[in-house]
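Numbering (UniProt numbering), first residue to last: 1 to 391.
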């Protein structure tokens, strides 16, 4: 196929299908952008397609939120400063092959991509959704469902990179190795199943080295974004004839901007403190520290995804009628800013007493037990947001 179509012809439609490694976090370049740059350099007439456009934005903290077994994912985030490209994709933070296999058919039906660039499988194994064999089975279903809607779709399918080893994750390394072996073997059968739909391996695991090119052991930093793009570009050139030369990783990699948070403020709450500060665009997380006013030793240093921290007396060492001081800094994992100016406030804890009347009622023929609580606080007037039950 001639990927360098004349301008008068319709562009090649490319859909990137993936999880957080492809979705990216607000402030990232993403490997999708690096791929976009490479395709333009190679004079490929193309367009990215898919349901989403942005990057992942962490949810703001909530005080003891109820469990949400299907939480929405915010995909409205922006990219690195100065990045502007046609960024449609079908990648989602936390996505599993188990989930995506059921969704890919509708995406292919609606957007009719010529190429699917698929990078999934890690979350299925890392989150305990299934083993290596399960993940391969689900990937086979994803391929089948995509082909059902477009029998001539071309598929570039990535293996799974090895995350940076951490204590207690030896089993994950074995699962990833096993999955990658099974994937290579399975490609032979998937090719025979539909000869009008070529499918080729993308060697991400051999090219993206998490120990040196990720910011947290899994997600690509700027170097990792180039490495992943290099792997996909190699397959596109050699297996599909898209472009002439695979991407070369540059010798100079851009550093992520970092700055000290400003305007830190502290609001006194009945449960403790609500600490906020101006968001730093592209911050991967923030470090917050707390100490008793006038002392030199910091009692607490905690990590936060957004520019707000809810500090409750049941989770951090807060005493009533005590002055505390707070500072915050930007933390991009590989580099940290200096600490902010100090904010201070005096605690005024005002919590309801525990429930005095507790009754337990087993549900017949089930494993459930209903716990009934009745409030009898002073004068019976308390605004209860939630109950914590210890069994």
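Positions of the beta carbon are idealized from the N, C-alpha and C atoms, including for glycine. Predicted model only: the values in this text are computed from it and were never measured.
Under the 10 Å beta carbon count, residue 13 is surrounded by 16 or more other beta carbons and is classified as buried. Scanning the UniProt domain "SGNH hydrolase-type esterase" (85-223) for uninterrupted alpha helix (DSSP H) segments of 4 residues or longer gives 97-111, 122-126, 132-149, 170-193, 204-207 and 210-213, listed from N- to C-terminal end. Ranking 85, 19 and 93 by CA distance to the CA of residue 119 puts 19 first.
Setting aside the 5 residues that flank it on each side, residue 204 is surrounded in the same chain by 119, 158, 159, 161, 228 and 231, each with a C-beta closer than 7 Å to its C-beta; the list follows chain order. Taken atom to atom, the span from the alpha-carbon of residue 130 to that of residue 137 is near 10 Å.
The Cβ-Cβ distance between residue 108 and residue 149 falls below 7 Å. When C-beta atoms of the region 288-300 are compared with those of the region 46-58, fewer than three pairs fall below 8 Å, so the two segments do not count as touching.
Contact annotation, residue 194 with residue 151: C-beta distance approximately 6 Å; criterion of less than 8 Å satisfied.
Residue 207 and residue 217 have their C-alpha atoms spaced approximately 15 Å apart.
The alpha carbon of residue 16 has as its nearest neighbour, out of 76, 91, 60 and 79, the alpha carbon of 91. The beta carbons of residue 246 and residue 233 sit closer together than 7 Å. Boundaries of the beta strand (DSSP E) harbouring residue 291: 285-292, taken from the DSSP string.
The Cβ neighbour count for residue 350, taken over all protein chains shown within 10 Å, is under 16; the residue is labelled exposed. Around the beta carbon of residue 36, 16 or more other beta carbons lie within 10 angstroms, which makes this residue buried. Residue burial annotation: residue 124 is buried, with at least 16 other C-beta atoms found within 10 angstroms of its C-beta. From the listed residues 139, 164 and 73, the smallest Cα separation to residue 102 is found for 139. In the displayed model, residue 309 falls within a strand according to three-state DSSP. Under the DSSP assignment, residue 259 falls outside any alpha helix (DSSP H); it carries neither an H nor an E label. Setting aside the 5 residues that flank it on each side, residue 258 is surrounded in the same chain by 330, 332, 335 and 337, each with a C-beta closer than 6 Å to its C-beta; the list follows chain order. Looking at 256, 114, 97 and 55, the one whose alpha-carbon comes closest to that of residue 85 is 55.
According to the DSSP assignment, residue 41 belongs to the alpha helix (DSSP H) that extends over 31-41.
With contacts defined as CB atoms closer than 7 Å, residue 41 and residue 88 fail to qualify as a contacting pair. For residue 304, there is no enclosing alpha helix (DSSP H); the residue is part of the beta strand (DSSP E) that begins and ends at 300-304.
Considering only 22, 38, 21 and 25, the residue with the shortest C-alpha distance to residue 249 is 38. For residue 344, the enclosing beta strand (DSSP E) starts and ends at 343-346.
Going by DSSP, residue 12 is part of the beta strand (DSSP E) stretching over 12-18.
Check the Cα spacing between residue 174 and each of 122, 189 and 190: the tightest is with 122. The C-beta of residue 32 has 16 or more other C-beta atoms within 10 Å across all chains shown, which makes the residue buried. In this structure, residue 265 sits away from residue 156, with a CB-CB distance that is not shorter than 7 Å.
Inter-residue distance for residue 114 and residue 147 is about 11 Å (C-alpha atoms, whole angstroms). DSSP, reduced to helix, strand and coil, places residue 53 outside both helices and strands of the structure shown, so it counts as coil.
Counted as a single uninterrupted DSSP element, the beta strand (DSSP E) harbouring residue 272 occupies residues 272-276.
Listed as beta-bridge partners of residue 83 by DSSP are no residues whatsoever. Apart from sequence neighbours up to five positions away, the residues of its chain that approach residue 256 with a beta-carbon distance below 6 Å are 332, ordered along the chain.
Cα atoms of residue 178 and residue 186: separation of roughly 12 Å, rounded to the nearest angstrom. With 16 or more other Cβ atoms inside 10 Å of its own Cβ, residue 28 counts as buried.
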